[in-house]
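In the numbering used here, the protein residues as written are 6 to 441.
The structure appears below as structure tokens.
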């Protein structure tokens, strides 16, 4: 994604000229138009039909020292300085422009008086959370929750929805569509030696007659339920006969250390899913025992976890839906080694020194093994950097080994708002009654 440093917003150019020329009503007229039309500004780029120039405009307070646009549009994995706004001299206008692909769906937030202490994207969000606010001139919002050092908090983002995007209807509640049921359970695992919260979705008109239901297991269950509205998606897809009725279990993976332990290729968590959760589901719900009707679903580390459990238990789970999968994980990862210094006693140390030398551990395992009876849907956002590279390597492995798969690069970032919109596509590909 290229930024708009070489492209100048006509609107910004006009207000600059007005200020320089001493037009008394220039600043007042500018903010009046902003309030009427909203932000960000979306303007055409000459000789480029595929992109638009997107300009974020922020109204400064008297004490505003700097403004940072928290967005993946610049470079999500690298320095936050790429997101710092420029101020128009002698005004209260801060602005930042990006060249953005048509159809992009992403989120952003405004940070006034950002400390700039942490240059990397995620760390900057964590340390500057109190300075973040949605765009007051954009009514479209998306809330995400975070956890840091045992503290939970939420950030309300604004939504950038570019022109020429696909119709986004599967996650929209339709009162005329029959609704399934969602039930919460606390499940004790003898393998993990702990209780896990799970949620079970059953479709409209659930019954124990006829063909058994397709079965879905979804990681980061609470986050998926909070941010992606999967029961609504399931209801809509089933109603339109895009997929068969399904039973789905959402597993809560908590956050931080515990989530990383579960989803980063941890054999005991895989055993829990395969040897405890699946038999329990088959005993208590009318679900299939056929691997080609059983789907593992996850995003980021959850995508890695889905692919790992499929690798370990292909006779039980034959379909993998991995969004923005963290396929670059390896036991030798410096971050993972740091985690082990503090939490190593809680790990089953299953890997060898040779495993730590692997750059992309799970990709290597798939390459060295026989082709497994698995089908994949994988995707990644055009605004992701390292993840896009890692998913690309996983894609290359699937192609080399001859797996049946669908790979999509969507215009967006490493964000639940994007995963929400592309989850239906993955389900239709893997278990759809129709393929479009």
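Idealized CB from N, CA, C, for every residue including glycine.
| 6 Å Cβ shell around residue 266 - same chain, five flanking residues per side excluded | For the purposes of this step, residue 266 is identified with residue 261 of the chain shown, where counting begins at 1. Closer than 6 Å at Cβ, skipping near neighbours: no residue.
| query | For residue 294, which of helix, strand or coil comes out of DSSP? | reply | By one-based count along the chain shown, residue 294 stands at place 289. Three-state DSSP puts residue 294 in coil, outside helix and strand.
| query | Run through DSSP, which three-state label would residue 429 get? | reply | Sequence index remark: in the chain shown, residue 429 carries index 424 (1-based). Correct three-state label for residue 429: helix.
| How would you write the range of the beta strand (DSSP E) that residue 112 sits in, first residue to last? | As a working note, residue 112 is residue 107 in the chain shown. 110-117 is the extent of the beta strand (DSSP E) around residue 112.
| request: Give the single residue among 102, 26 and 304 whose Cα lies nearest to the Cα of residue 424. | output: On the chain shown, position 419 is the one that residue 424 refers to. Taking only the C-alpha atoms, the option nearest residue 424 is 304.
| request: Keeping to the same chain, check which residues put their C-beta closer than 7 Å to that of residue 175; ignore five residues upstream and five downstream. | output: Stepping through the chain shown from its first residue, residue 175 is reached at position 170. Around residue 175: 238, 241, 242 and 429.
| task | Helix, strand or coil for residue 25, going by three-state DSSP, please let me know. | result | For the purposes of this step, residue 25 is taken as the residue at position 20 of the chain shown. Three-state result, residue 25: helix.
| task | Take the Cβ of residue 380 as the centre, count every other Cβ of all protein chains shown within 10 Å, and call the residue buried at 16 or more, exposed below. | result | Stepping through the chain shown from its first residue, residue 380 is reached at position 375. Classification of residue 380: buried, given that the 10 Å Cβ count is 16 or more.
| request: Classify residue 17 as helix, strand or coil using the three-state DSSP reduction. | output: Looking up residue 17 in the chain shown gives position 12. Reduced to three states, the DSSP call for residue 17 is helix.
| query | Is there contact between the segment 269-282 and the segment 403-423, where contact requires at least three CB pairs shorter than 8 Å? | reply | no
| message | Just to confirm before moving on: does the CB-CB distance between residue 106 and residue 196 stay below 9 Å? | response | Here residue 106 refers to the residue found at position 101 of the chain shown. Here residue 196 refers to the residue found at position 191 of the chain shown. No, they are not a contact pair.
| said: Applying the 10 Å Cβ sphere with the 16-neighbour rule, what's the burial state of residue 33? | reply: Locating residue 33 in the chain shown gives position 28, counting from the first residue. The residue in question, residue 33, is exposed, as its Cβ has fewer than 16 Cβ neighbours within 10 Å.
| query | Between residue 420 and residue 109, is the Cβ-Cβ spacing less than 9 Å? | reply | Looking up residue 420 in the chain shown gives position 415. Looking up residue 109 in the chain shown gives position 104. No; because the gap between Cβ atoms is not below 9 Å, this pair is not in contact.
| task | For residue 201, count neighbouring Cβ atoms within 10 angstroms of its own Cβ and tell me buried if that reaches 16, exposed if not. | result | Against the chain shown, residue 201 aligns to sequence position 196. With 16 or more Cβ atoms within 10 Å of its Cβ, residue 201 is classed as buried.
| query | Tell me which same chain residues have a C-beta within less than 8 Å of the C-beta of residue 14, skipping the five on either side of it? | reply | Start at 1 with the first residue of the chain shown, and residue 14 comes out as number 9. Same-chain partners within the cutoff: 46, 48, 58, 60, 100 and 102.
| Distance, Cα to Cα, residue 44 vs residue 332? | As a position in the chain shown, residue 44 is number 39, starting the count at 1. As a position in the chain shown, residue 332 is number 327, starting the count at 1. Approximately 36 Å between the Cα atoms of the pair.
| request: Check each candidate in 52, 223, 194 and 253 and name the one with the smallest Cα separation from residue 211. | output: Against the chain shown, residue 211 aligns to sequence position 206. Comparing Cα positions, the closest option is 253.
| DSSP bridge partner residues for residue 411 (one or two, in chain order) | Looking up residue 411 in the chain shown gives position 406. DSSP output for residue 411 lists 382 as bridge partner(s).
| said: Residues in the same chain with beta-carbon distance under 7 Å from residue 17, minus the five sequence neighbours each way, listed in chain order, please. | reply: Looking up residue 17 in the chain shown gives position 12. Result list for residue 17: 60 and 100, in chain order.
| Hey, out of 264, 94 and 219, whose CA is closest to residue 227's CA? | Sequence index remark: in the chain shown, residue 227 carries index 222 (1-based). When each option's Cα is compared against that of residue 227, the closest is 264.
| query | What do you get for residue 220, buried or exposed, if any count of 16 or more other CB atoms within 10 angstroms of its CB means buried? | reply | The count along the chain shown starts at 1 and reaches residue 220 at position 215. Answer is buried; the Cβ neighbour count reaches 16.
| Which two residues bound the contiguous alpha helix (DSSP H) that contains residue 201? | Stepping through the chain shown from its first residue, residue 201 is reached at position 196. First-last for residue 201: 199-207, but that is the beta strand (DSSP E), not the alpha helix (DSSP H).
| request: Whole angstroms is fine: what's the gap from residue 284's alpha carbon to residue 262's? | output: As a first step, residue 284 must be located in the chain shown, where it is residue number 279. As a first step, residue 262 must be located in the chain shown, where it is residue number 257. Near 27 Å, if we compare the C-alpha coordinates of residue 262 and residue 284.
| query | Closest to residue 335 by CA distance: which of 231, 147, 327 and 370 is it? | reply | Working through the chain shown from its first residue, we reach residue 335 at position 330. Of the candidates 231, 147, 327 and 370, the one whose C-alpha sits nearest the C-alpha of residue 335 is 370.
| field | Close-in-space but distant-in-sequence residues of the same chain around residue 297 (CB under 6 Å, 5 per side omitted) | value | Here residue 297 refers to the residue found at position 292 of the chain shown. For residue 297, where only same-chain residues beyond five positions count, the Cβ hits under 6 Å are 323.
| Thinking C-beta only, is residue 225 closer than 9 Å to residue 178? | As a first step, residue 178 is located in the chain shown; it is residue number 173 there, counting from the start. As a first step, residue 225 is located in the chain shown; it is residue number 220 there, counting from the start. Contact flag unset, no.
| query | In angstroms, rounded to a whole number, what distance separates the CA positions of residue 426 and residue 185? | reply | As a working mapping, residue 426 is identified with position 421 in the chain shown. As a working mapping, residue 185 is identified with position 180 in the chain shown. When rounded, the distance between both Cα atoms is 20 Å.
| message | Distance check for residue 398 and residue 328, CA to CA, integer angstroms please. | response | For the purposes of this step, residue 328 is identified with residue 323 of the chain shown, where counting begins at 1. For the purposes of this step, residue 398 is identified with residue 393 of the chain shown, where counting begins at 1. Looking at the two C-alpha atoms, the distance is approximately 14 Å.
| Which of helix, strand or coil does DSSP assign to residue 264? | Looking up residue 264 in the chain shown gives position 259. Residue state, collapsed to three classes: helix.
| task | To the nearest angstrom, report how far apart residue 368 and residue 422 are at their CA atoms. | result | Counting from one through the chain shown, the residue named residue 368 turns up at place 363. Counting from one through the chain shown, the residue named residue 422 turns up at place 417. C-alpha separation (whole angstroms): 27 Å.
| message | Quick check: the segment 402-413 against the segment 306-319, are at least 3 beta-carbon pairs closer than 8 Å? | response | no
| query | With C-beta atoms as the reference, is residue 382 less than 9 Å away from residue 325? | reply | Here residue 382 is taken as the residue at index 377 of the chain shown, counted from 1. Here residue 325 is taken as the residue at index 320 of the chain shown, counted from 1. Yes, these two residues count as a Cβ contact at 9 Å.
| request: Could you please give the first and the last residue of the uninterrupted alpha helix (DSSP H) stretch that includes residue 344? | output: Your numbering for residue 344 matches position 339 in the chain shown. Here the alpha helix (DSSP H) through residue 344 covers 339-348.
| task | Could you say which of 132, 88 and 117 lies nearest to residue 65 if we only look at CA atoms? | result | Along the chain shown, read from residue 1 onward, the residue named residue 65 stands at position 60. Of the candidates 132, 88 and 117, the one whose C-alpha sits nearest the C-alpha of residue 65 is 117.
| task | State buried or exposed for residue 7, treating a residue as buried only when at least 16 other CB atoms are found within 10 Å of its CB. | result | On the chain shown, position 2 is the one that residue 7 refers to. Its pLDDT being 47, under 50, residue 7 is placed unreliably in this model, and the coordinates cannot settle the point.
| said: For residue 469 and residue 295, what's the separation of their Cα atoms in angstroms? | reply: Residue numbering for the chain in the displayed model covers 6 to 441; residue 469 lies beyond these limits and cannot be assessed.
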